[in-house]
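Q: My numbering applies: residue 7 is where the sequence shown begins, and numbers increase by one. Every residue, glycine too, gets a C-beta built ideally from N, C-alpha and C. One structure, pasted below without further comment.
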Amino acid sequence: MDNQEIIDKLTKVCICKGVSKQTIKKAISEGADTVEKVWSMTNTGNGSCKGKRCGEKIQLILDNWEEEK
7 MDNQEIIDKL
17 TKVCICKGVS
27 KQTIKKAISE
37 GADTVEKVWS
47 MTNTGNGSCK
57 GKRCGEKIQL
67 ILDNWEEEK
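Written out as structure tokens, the structure reads:
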């Protein structure tokens, strides 16, 4: 496991559900290409904030997917 993988595993994108950046990236690599699809595949977006905190973070990961993978 390289440094970026460790950082992704420890970085929480969805604070409400405790979902890591690693989990979000896995969902994107498996075909989730919108925030809503990522929410569906990772059980995010339905916590106490209803996606207000993680939605923008997920969109940023999607927007930068080619550089991040």
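Compare the C-alpha of K23 against each of G37, D39 and G61 and name the closest.
A: Here the closest residue by C-alpha is G61.
Q: Which term fits D39, buried or exposed, when burial requires 16 or more other beta carbons within 10 angstroms of its beta carbon?
A: D39 comes out exposed.
Q: Can you tell me whether T17 is buried or exposed? The criterion is at least 16 other CB atoms within 10 Å of its CB, across all chains shown.
A: It counts as exposed.
Q: So for K18, helix, strand or coil by DSSP?
A: Strand.
Q: For S46, which three-state DSSP category applies?
A: Note: S46 maps to helix in three-state DSSP.
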